[in-house]
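Protein chains: 2
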Amino acid sequence: MGEKVTIATVARHAQVSRQTVSNVLNAPHIVREDTRRRVHEAITALGYRANQAARQMRTGRSRLIAVRIEPTRDGINGSVLDRFLHGLTETADASGYRVLLYTARGDEQEIATYDDLLGAYDLDAFVLTGTKHGDPRTAWLAERQVPFVTFGRPWDTPEAHPWVDVDGAAGTAQATRHLLAAGHRRIAFVGWPAGSGVGDDRRAGWRTTMAEVGLHDAAPDRETEDGIAEGQREARALLALDAPPTAVLCVSDSLALGAWQAARDAAADLAVIGFDDTPVAAAVGLSSVSQPLGEAAARCVELLTGLLDGQRRDPRLLLNPSLVLRHSA
Amino acid sequence: MGEKVTIATVARHAQVSRQTVSNVLNAPHIVREDTRRRVHEAITALGYRANQAARQMRTGRSRLIAVRIEPTRDGINGSVLDRFLHGLTETADASGYRVLLYTARGDEQEIATYDDLLGAYDLDAFVLTGTKHGDPRTAWLAERQVPFVTFGRPWDTPEAHPWVDVDGAAGTAQATRHLLAAGHRRIAFVGWPAGSGVGDDRRAGWRTTMAEVGLHDAAPDRETEDGIAEGQREARALLALDAPPTAVLCVSDSLALGAWQAARDAAADLAVIGFDDTPVAAAVGLSSVSQPLGEAAARCVELLTGLLDGQRRDPRLLLNPSLVLRHSA
DNA sequence: CATCAGCATTGGATCGTTCAAGGCGGCGAG
DNA sequence: CTCGCCGCCTTGAACGATCCAATGCTGATG
Chain A
655 MGEKVTIATV
665 ARHAQVSRQT
675 VSNVLNAPHI
685 VREDTRRRVH
695 EAITALGYRA
705 NQAARQMRTG
715 RSRLIAVRIE
725 PTRDGINGSV
735 LDRFLHGLTE
745 TADASGYRVL
755 LYTARGDEQE
765 IATYDDLLGA
775 YDLDAFVLTG
785 TKHGDPRTAW
795 LAERQVPFVT
805 FGRPWDTPEA
815 HPWVDVDGAA
825 GTAQATRHLL
835 AAGHRRIAFV
845 GWPAGSGVGD
855 DRRAGWRTTM
865 AEVGLHDAAP
875 DRETEDGIAE
885 GQREARALLA
895 LDAPPTAVLC
905 VSDSLALGAW
915 QAARDAAADL
925 AVIGFDDTPV
935 AAAVGLSSVS
945 QPLGEAAARC
955 VELLTGLLDG
965 QRRDPRLLLN
975 PSLVLRHSA
Chain B
655 MGEKVTIATV
665 ARHAQVSRQT
675 VSNVLNAPHI
685 VREDTRRRVH
695 EAITALGYRA
705 NQAARQMRTG
715 RSRLIAVRIE
725 PTRDGINGSV
735 LDRFLHGLTE
745 TADASGYRVL
755 LYTARGDEQE
765 IATYDDLLGA
775 YDLDAFVLTG
785 TKHGDPRTAW
795 LAERQVPFVT
805 FGRPWDTPEA
815 HPWVDVDGAA
825 GTAQATRHLL
835 AAGHRRIAFV
845 GWPAGSGVGD
855 DRRAGWRTTM
865 AEVGLHDAAP
875 DRETEDGIAE
885 GQREARALLA
895 LDAPPTAVLC
905 VSDSLALGAW
915 QAARDAAADL
925 AVIGFDDTPV
935 AAAVGLSSVS
945 QPLGEAAARC
955 VELLTGLLDG
965 QRRDPRLLLN
975 PSLVLRHSA
């Protein structure tokens, strides 16, 4: 339709210079009230939108945030990222940022992608999900002073970089207390093999809570890979014990679902609580610990915009999950 | 570390002019073999990456594709978009494009977002998911000649714009044939209220297949909103019939899961097949019709790059889903 | 030997924005 | 009265790439 509307068009229309229009947008306080209003009127009248490419070329900032999207590994856990991503996009929008996606197989390729994105698109910041011990990605980014936030704690050095995370231990502690309050005494835990930050954290919440009430002995602790079949297997093993537990707390919904199915098949009276409150849990009526993903995403964006604006807020945030009760416990 | 690497840096390093470097990148055939090689060596040696902002300003193309991410409505169906998005990002990457996310509440706001994205970021193209009758979004984009592809047919006018879709009718037909081959004669369908393109399409596959074998009379057809509780209700109603069906085909996994649970609770021998092959279906062992989401995404990107390069391929693609068999049928 | 075609290469202009520097009127201080 | 300063605005230059027109070079031809 109409010709391209640039800052010059607006300037002509408002009878001022280009720079004044630019100032209205970027430093309104140095422009006189009525001039500012006149420029704003011209902007809306013409439907002007600042060209990001041109702005970016001059300032080196793109107002773009990169987020990795992973292949849905499990299928069950995929929805977690999905919800997080949605929250991220929405909050970023509100702050004038946009979310750019990328994929990568393996850390090395991911780092190459950083390089690419930074070089070609001048990305402002990165959001990483799923951190692990000795993560090479955060090291690379930190070394180059690229602003980034992780959703997930750096498990080695808590102060290494800004992060947002959900307090897994608090979640399992809450679940454990709920089971205790319901009269359970033998409460087992089915978790991942020790060594993963997330898994160990969640296990710790259960363990300390059980220890607090002196029930540590009546608390079988199992380690297994993630999966429904694995959950079934562990539940069967637990039920075959001399003094089987009356409740099981699982580190994931996959394991919890398996355990729940195994208990039902064996007609055993076993309370089960999972973790992540995935759609699967909701669908089959499984109680689960729910992460505040929307809030986590919002905090990530807040931290990033803070970083980019040079503000210094406390760059580490631990959020509390909540327990969602359904039929299974 | 090193200073910013621009096209001039590369030119100096390779002992040629800026334009020659540009030609190597954009029109390699007009540059002499050995010159080209020398330039390429300089590029890799310096780690040069073309600045997209500068390129975009001159050419007006951003190599960016926008995709909407929706709030996970159901929770169960969210994973479909998730997998599609992953495929999209991966294929786009391979073609040198990047995926930009956006959210919007309602069509009006979404159209405003188009305007914004086009004005500010010079987006090259859009991918829309979930089309409906009389979609105002596609009309808006078409009117402005913005390149776009929809994942989902335009249900009013098949030739309106390029699209990729999965043949829902073929999927339900395949599922119906499977049930027939397994000896079922009374096969019910639980679908959404007539009027939604997707739902009607899926219903049609079942109906025509049943009609082909003259079993149309023995085929109860139910209409209901989506949801697990709704699926349970419909299954109970079906089982209470004088001549209850021995199998149920559902338009979604949510409904199928509900039906499957109701049948189990009633200890009824009822085969159930769902649609979308969501993680929930996989988790509980529900047979389902699976959409080739990765391929659909790849085709979307192919179509778009074709459009952008001015190629004229057939811009309409109907893909075949496949039946995934588990315990439930 | 002069001319010209064919091709690779060069310099300058350009996209839309922001930064740096400067102009200009008015006001208070010396 | 003059000077300096402040607030507000304008002008020229720059970011890094591509496009366009012009130039240099080589070799073949009249």
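Keeping their order, the protein sequence lines are chains A and B. Those letters in the first sequence? Residues 655 to 983, by this note's numbering. Those letters in the second sequence? Residues 655 to 983, by this note's numbering. Positions of the beta carbon are idealized from the N, C-alpha and C atoms, including for glycine.
Quick one: which chain B residues come within Cβ less than 8 angstroms of residue i?
i                      : result
residue 919 of chain A : Residues of chain B passing the Cβ test: none, with the nearest at roughly 12 angstroms.
residue 864 of chain A : The contacting residues do not exist; residue 864 of chain A stays about 29 angstroms from chain B at best.
Looking only at C-alpha atoms, which of the options sits nearest to residue i?
i                      : options                    : result
residue 705 of chain B : A:774, A:833, A:918        : A:774
residue 680 of chain B : B:713, B:688, B:700        : B:713
residue 755 of chain B : A:819, A:759, A:738        : A:738
residue 970 of chain B : B:814, B:934, B:741        : B:814
residue 902 of chain A : A:862, A:830, A:676, A:947 : A:830
residue 935 of chain A : A:871, A:733, A:772        : A:733
residue 749 of chain A : A:789, A:922, A:952        : A:952
residue 640 of chain A : A:744, A:725, A:916        : In the structure as shown, chain A begins at 655 and stops at 983. Residue 640 of chain A is therefore absent and cannot be evaluated.
residue 943 of chain A : A:897, A:768, A:665, A:828 : A:828
residue 783 of chain A : A:915, A:819, A:795        : A:819
residue 898 of chain A : A:873, A:909, A:794, A:880 : A:873
residue 954 of chain B : B:861, B:892, B:871, B:721 : B:721
residue 724 of chain A : A:757, A:863, A:924        : A:757
residue 698 of chain A : A:881, A:664, A:940        : A:664
residue 851 of chain B : B:931, B:821, B:890        : B:821
Going by beta carbon distance, what residues of the same chain come within less than 7 angstroms of residue i, once the five residues before and after it are set aside?
i                      : result
residue 824 of chain A : 859, 974, 975
In its own chain, which residues sit with a C-beta less than 6 angstroms from the C-beta of residue i, not counting the 5 before and 5 after it?
i                      : result
residue 846 of chain B : 853, 905
residue 948 of chain A : 741
residue 946 of chain A : 973
residue 771 of chain A : 720, 777
residue 634 of chain A : There is simply no residue 634 of chain A to check, as chain A begins at 655 and stops at 983 in what is shown.
Taking residue i as the query, report the chain A residues whose CB atoms sit under 9 angstroms from its CB, ordered along the chain.
i                      : result
residue 776 of chain B : 705, 706, 707
residue 756 of chain B : 743, 747, 752, 753
Strictly below 7 angstroms CB to CB, what residues from chain A border residue i?
i                      : result
residue 937 of chain B : 730, 882, 911, 934
residue 945 of chain B : Chain A residues near residue 945 of chain B: none, gap ~14 angstroms exceeds 7 angstroms.
By the three-class DSSP mapping on this structure, what secondary structure does residue i have?
i                      : result
residue 979 of chain B : coil
residue 927 of chain A : strand
residue 964 of chain A : coil
residue 655 of chain B : Unreliable positioning characterises residue 655 of chain B in this predicted model, as indicated by a pLDDT of 46, which lies under 50. A coordinate reading is not provided.
residue 908 of chain A : helix
residue 804 of chain B : strand
residue 984 of chain B : Lying before the first or after the last residue shown, residue 984 of chain B is absent from chain B, which here runs from 655 to 983.
residue 896 of chain B : coil
residue 639 of chain B : With chain B running from 655 to 983 in the structure shown, residue 639 of chain B is simply not present.
residue 693 of chain A : helix
residue 922 of chain B : coil
residue 875 of chain A : strand
residue 817 of chain A : strand
Would residue i and residue j be called neighbours here (beta carbons separated by less than 8 angstroms)?
i                      : j                      : result
residue 977 of chain B : residue 838 of chain B : no
residue 801 of chain A : residue 958 of chain A : yes
residue 878 of chain A : residue 844 of chain A : yes
residue 835 of chain A : residue 927 of chain A : no
residue 817 of chain A : residue 787 of chain A : no
residue 719 of chain A : residue 696 of chain A : no
residue 792 of chain B : residue 806 of chain B : no
residue 911 of chain A : residue 938 of chain A : yes
residue 672 of chain B : residue 684 of chain B : no
residue 916 of chain B : residue 886 of chain B : yes
residue 692 of chain B : residue 668 of chain B : yes
Residue i versus chain B: which residues are under 7 angstroms apart at the beta carbon?
i                       : result
residue 773 of chain A  : 703
residue 1071 of chain A : In this structure chain A extends from 655 to 983, so residue 1071 of chain A is not present and cannot be described.
Less than 8 angstroms between C-beta atoms, sequence neighbours within five positions excluded: which residues of the same chain meet that for residue i?
i                      : result
residue 716 of chain A : 706, 710, 775, 776, 777, 778
residue 962 of chain B : 715, 778, 779, 801
residue 694 of chain A : 678
residue 659 of chain A : 700, 701, 702, 703
I want to verify the contact list: residues of chain B whose CB lies under 9 angstroms from the CB of residue i, in sequence order.
i                      : result
residue 739 of chain A : 723, 736, 739, 755
Which residues in chain A sit within 8 angstroms of residue i, going by Cβ to Cβ distance?
i                      : result
residue 770 of chain B : 703
If you measure from the CB of residue i, is any heavy atom of the ligand SAM nearer than 7 angstroms?
i                      : result
residue 735 of chain A : Among the components modelled here there is no ligand, and therefore nothing to report on the ligand SAM.
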